[in-house]
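*Asks:* Pasting a structure here, questions to come.
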Amino acid sequence: MPLTSVAVRTSPPHHTIGTYAESVFSSLHRADQRRWAETYLHGILFADGKKSVRGIADSVGIFRANQSLQQFINQSPWKWEPVRRLIAQHLQAVRPTQAWVVHRVVIPKRGQRSVGVQRRFVPELGRSVNSQLILAVSLADEHTAVPVDWRIALGGDWCTDEALRQAAYIPDAVRGRTEGAEIMDMIDEMRSAWRLEPAPITGDIRHFPDAARLVGRLVHLGATFSLQVDGGFPLAGAGRLQALMHTRTACHGAERDAPTVRRLLDQQVQHPAGSVFDGPPGEGAVGRGGPSCRVRIVSALARPNVPRSGLQVHPRPLKVIGEVHQDGSTRYWVTNMLKHSIDDILAVNGVGLRGWRDPGVPESEFGLRDFEGRSYRGLHHHLTMVSAAFAFNALDGGYGLGRVGEDEG
Numbered sequence: 080m081p082l083t084s085v086a087v088r089t090s091p092p093h094h095t096i097g098t099y100a101e102s103v104f105s106s107l108h109r110a111d112q113r114r115w116a117e118t119y120l121h122g123i124l125f126a127d128g129k130k131s132v133r134g135i136a137d138s139v140g141i142f143r144a145n146q147s148l149q150q151f152i153n154q155s156p157w158k159w160e161p162v163r164r165l166i167a168q169h170l171q172a173v174r175p176t177q178a179w180v181v182h183r184v185v186i187p188k189r190g191q192r193s194v195g196v197q198r199r200f201v202p203e204l205g206r207s208v209n210s211q212l213i214l215a216v217s218l219a220d221e222h223t224a225v226p227v228d229w230r231i232a233l234g235g236d237w238c239t240d241e242a243l244r245q246a247a248y249i250p251d252a253v254r255g256r257t258e259g260a261e262i263m264d265m266i267d268e269m270r271s272a273w274r275l276e277p278a279p280i281t282g283d284i285r286h287f288p289d290a291a292r293l294v295g296r297l298v299h300l301g302a303t304f305s306l307q308v309d310g311g312f313p314l315a316g317a318g319r320l321q322a323l324m325h326t327r328t329a330c331h332g333a334e335r336d337a338p339t340v341r342r343l344l345d346q347q348v349q350h351p352a353g354s355v356f357d358g359p360p361g362e363g364a365v366g367r368g369g370p371s372c373r374v375r376i377v378s379a380l381a382r383p384n385v386p387r388s389g390l391q392v393h394p395r396p397l398k399v400i401g402e403v404h405q406d407g408s409t410r411y412w413v414t415n416m417l418k419h420s421i422d423d424i425l426a427v428n429g430v431g432l433r434g435w436r437d438p439g440v441p442e443s444e445f446g447l448r449d450f451e452g453r454s455y456r457g458l459h460h461h462l463t464m465v466s467a468a469f470a471f472n473a474l475d476g477g478y479g480l481g482r483v484g485e486d487e488g
C-alpha cells in the first residue's frame, strides 16, 4: 500500500516540542503566552477529534485550560507576524525549499458572524456556499508543504459595515482586497520583511478572479513562477500578450493573436514545431489513471506587451505549457522559467499540485478548519498555531511516527 504524505504520530517526549516552541514562540514577550502557545501546539498535534479551543483544552488535562486558551487565542494582543517569520526561518534553516506554493482554501461555515463569512460562489464546487475564504503561502519540497503565511479574504459587508467589522475586531487599516493582491502581499512580506530564501512560486490560481493581474505583478516583481491557470486564461496579463510561435528553423518567431492559453496551445498541437513531445510524466504531470499514464507536453512562448515607463524593464517572454492527458483533459501552466528544462518545470509544478492535505485524513490539516471563534485576531492566532504544527511535523525527524498507509510487518 503506498505511503501518503501525512504522518500519524504518537506523542514524542515533551522536551522535543518544548525546544521547538522555545525557538518559534520567542517573540511572545510574556512567559504565560509562551506556555499557552506550547500547550495549544501540543493539542493541535496530538488531541483527538476537533482542534477547536475547547477540544484542545479538554485534551490537555490542565485546570481551567479552556479559559486560558480562549484568552490566549481570542483576546491576547500578541503579534502573529513575528511568530510566522520565525517558523518560516526555522524551517528554511533545516529543510531546503523547492517552491513557494499559493493556496486558496474555502471553509464552509454556519451562521454569518464569524469573520469573513459570506455566501460566495465556489468554482471548485460549482455552487454557492456560506463560507470563509483563506489564502496562504507554503514553503514546500517534494515531500511536504508547510503554510507559513495567511490572509482572510474580506468582501461585501465586511468592508463597509462598521458594526459588523467592530464585532469581529477587524482593524481599521484592513479592508477588502483582491485574492491576487493578498497573495502578493504575502510574497512581498516573505521576500522583504522575512528575508526568506526565494524559490519558484507555484500553485493553482485557476479560480482567482484576478489571476492575470497576479501573473503580471509577479512579472514586474521579477519573481520566478510556474502557475496553473484555466484554459481561458487571457494572454493579456499585464497588458496585451501575444504568442511567439516556434518555427521549424528556429530562426525567428511569427507573432500571432492568441487570446487564451487554450487557443495558443491548440495551435501548437495542430502545427507542431518542435515544442510538442510525448514522454513519461514527471512529478508535475501525473495522468488521472496514475503515474504510469503518459502525458503529452505542449509548450509555446508568449510575451507580455506592457507599457514602458521610467526604469521599468520590458518583461521577457513567458512559456505556456499544456499537459494533455490520455482522457483528453489538459492542465495549463504559465511560467517564466525559460532557462529550465521541462522536467525541472514539471517537478516544481508537482510540488504545487500536491498541496498539504490528504483528503482521506482530516488530521493532515492540523485543525485548519476547526476554529470556532468569530474574531479577526482569533482566527489569525489559530492559523499561526496551525503553521507551527505543520512545521513541527515537517521538522520532526521521524521520532515516534509511522505513516498512513504504511504496510505493517
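With positions in the sequence shown counted from 1, the corresponding number in the working numbering is that position plus 79. Yeah, the Cβ is synthetic: ideal placement off N, Cα and C, and Gly gets one too. Just so you know, these numbers come straight off a predicted model, no measurement behind them.
1) Taking Cβ to Cβ, would you say Trp229 is nearer than 8 Å to His460?
2) I need the straight-line Cα distance from Met269 to Val340, nearest angstrom please.
3) Which residue's Cα is closest to the Cα of Phe104: Ala473, Leu474 and Thr463?
4) Just tell me which of Ala100, Leu417, Ala136 and Pro175 has its CA closest to the CA of Gln150.
5) For Asp309, which residues of its own chain have a beta-carbon under 6 Å away from its beta-carbon, when the five flanking residues on both sides are left out?
6) Which same chain residues, not among the five before or five after Tyr411, have their C-beta less than 6 Å away from its C-beta?
7) With a CB to CB cut of under 6 Å and the five nearest residues on each side skipped, what residues in its chain are close to Pro386?
8) Please classify Phe450: does DSSP put it in a helix, a strand, or coil?
9) Gln177 and Val427 - do their beta-carbons sit closer together than 8 Å?
10) Please list, in chain order, all residues of the same chain as Lys158 whose beta carbon is under 8 Å from its beta carbon, the five residues on each side excluded.
11) Cα-Cα, which of Ala381, Glu101, Ala470 and Thr223 is closest to Gly77?
12) So, helix, strand or coil for Asp233, using DSSP?
13) Residues in the same chain with beta-carbon distance under 6 Å from Leu233, minus the five sequence neighbours each way, listed in chain order, please.
14) What's the gap between the Cα of Val64 and the Cα of Val184?
15) Locate the alpha helix (DSSP H) running through Ser138, then write down its first and last residues.
16) Is Asp251 buried or exposed, if buried means 16 or more other CB atoms sit within 10 Å of its CB?
17) With a threshold of 8 Å, are at least 3 pairs of Cβ atoms found where one atom belongs to the stretch 238-246 and the other to the stretch 280-298?
18) For Thr303, name the three-state secondary structure that DSSP assigns.
19) If I follow the unbroken alpha helix (DSSP H) through Ile213, where does it start and stop?
20) Can you give the Cα-Cα distance for Trp115 and Trp237, rounded to whole angstroms?
21) Between which two residues does the alpha helix (DSSP H) holding Tyr411 run?
22) Which two residues bound the contiguous beta strand (DSSP E) that contains Ile186?
23) Measuring CA to CA, which of Ser210, Phe200, Phe287 and Ile266 is closest to Asp300?
24) What does the alpha-carbon distance come out to for the pair Ile262 and Asn415?
25) Just curious, the alpha helix (DSSP H) that Glu402 is in, first and last residue?
26) Which residues does DSSP list as the beta-bridge partners of Leu124?
27) Could you check what DSSP says for Thr95 in three-state terms: helix, strand or coil?
28) Please return the same chain residues whose Cβ sits closer than 7 Å to the Cβ of Ala467, not counting the five positions on each side in sequence.
29) If you measure between the beta carbons of Arg448 and Leu417, is that distance less than 8 Å?
30) Any idea what DSSP makes of Leu380, helix, strand or coil?
*Replies:* Judging by the given coordinates:
1) Position 150 of the sequence shown, counted from the first residue, corresponds to residue 229. Position 381 of the sequence shown, counted from the first residue, corresponds to residue 460. No, the pair does not count as a contact, with Cβ atoms beyond the cut-off.
2) Locating residue 269 in the sequence shown gives position 190, where the first residue counts as 1. Locating residue 340 in the sequence shown gives position 261, where the first residue counts as 1. Put simply, the backbone Cα of Met269 is about 30 Å away from that of Val340.
3) In the sequence shown, residue 104 corresponds to position 25, counting from 1. Comparing Cα positions, the closest option is Thr463.
4) Taking the first residue of the sequence shown as position 1, residue 150 is located at position 71. Per the Cα distances, Ala136.
5) Position 230 of the sequence shown, counting from 1, holds the residue named residue 309. Around Asp309: Arg285.
6) Here residue 411 refers to the residue found at position 332 of the sequence shown. Closer than 6 Å at the Cβ level, and outside the excluded window around Tyr411, lie Val308, Gly310, Val340 and Gly401.
7) Against the sequence shown, residue 386 aligns to sequence position 307. Low confidence applies here, because Pro386 scores a pLDDT of 40, under 50, leaving its location unreliable; read the following figure in that light. Cβ within range, chain order: n/a, list empty.
8) Looking up residue 450 in the sequence shown gives position 371. Correct three-state label for Phe450: coil.
9) For the purposes of this step, residue 427 is taken as residue 348 along the sequence shown, with counting starting at 1. For the purposes of this step, residue 177 is taken as residue 98 along the sequence shown, with counting starting at 1. Yes, these two residues count as a Cβ contact at 8 Å.
10) Within the sequence shown, numbered from 1, the residue matching residue 158 stands at position 79. Excluding positions up to five away in sequence, the list reads Ser106.
11) The first residue shown for the chain is 80 and the last is 488, placing residue 77 beyond what the model contains.
12) As a position in the sequence shown, residue 233 is number 154, starting the count at 1. Note on residue identity: the sequence assigns Leu, not Asp, to residue 233. Look at Leu233 here: in three-state DSSP terms it is coil, with no helix or strand label.
13) Sequence index remark: in the sequence shown, residue 233 carries index 154 (1-based). Around Leu233: Gly195 and Gly255.
14) In the structure as shown, the chain starts at 80 and stops at 488, and residue 64 therefore has no counterpart that could be examined.
15) The residue you call residue 138 lines up with position 59 of the sequence shown. Per DSSP, Ser138 belongs to the alpha helix (DSSP H) from Val132 to Val139.
16) In the sequence shown, residue 251 corresponds to position 172, counting from 1. Exposed, because fewer than 16 other Cβ atoms sit within 10 Å of the Cβ of Asp251.
17) no
18) The residue labelled residue 303 in the question sits at position 224 within the sequence shown. Reduced to three states, the DSSP call for Thr303 is coil.
19) Start at 1 with the first residue of the sequence shown, and residue 213 comes out as number 134. Run containing Ile213: none in the alpha helix (DSSP H); it sits in the beta strand (DSSP E), Arg206 to Ala219.
20) The sequence position of residue 115 within the sequence shown is 36, counting from 1. The sequence position of residue 237 within the sequence shown is 158, counting from 1. Spanning the two alpha carbons is a distance of roughly 30 Å.
21) Residue mapping note: residue 411 aligns to position 332 of the sequence shown, counting from 1. It is not in any alpha helix (DSSP H) - Tyr411 instead sits in the beta strand (DSSP E) that spans Thr409 to Thr414.
22) For the purposes of this step, residue 186 is identified with residue 107 of the sequence shown, where counting begins at 1. Counting along the chain, the beta strand (DSSP E) containing Ile186 begins and ends at Ala178 to Pro187.
23) Within the sequence shown, the letter at position 221 stands for residue 300. Residue 300 is actually Leu in this sequence, not Asp. Checked all of Ser210, Phe200, Phe287 and Ile266; the closest Cα to Leu300 is Ile266.
24) By one-based count along the sequence shown, residue 262 stands at place 183. By one-based count along the sequence shown, residue 415 stands at place 336. If you take the alpha carbons of Ile262 and Asn415, they lie about 18 Å apart.
25) To locate residue 402, count along the sequence shown from 1; it is residue 323. Looking at the DSSP string, Glu402 is not in any alpha helix (DSSP H); the run it does join, the beta strand (DSSP E), is Leu397 to Val403.
26) Start at 1 with the first residue of the sequence shown, and residue 124 comes out as number 45. Beta-bridge pairing links Leu124 to no other residue.
27) As a working note, residue 95 is residue 16 in the sequence shown. Thr95 falls in the helix class under three-state DSSP.
28) As a first step, residue 467 must be located in the sequence shown, where it is residue number 388. Cβ neighbours of Ala467 beyond the five flanking positions: Val103, Leu120 and Ile166.
29) As a position in the sequence shown, residue 448 is number 369, starting the count at 1. As a position in the sequence shown, residue 417 is number 338, starting the count at 1. In this structure, Leu417 does not lie closer than 8 Å to Arg448 by Cβ.
30) Against the sequence shown, residue 380 aligns to sequence position 301. If DSSP states are grouped into helix, strand and coil, Leu380 belongs with the strands.
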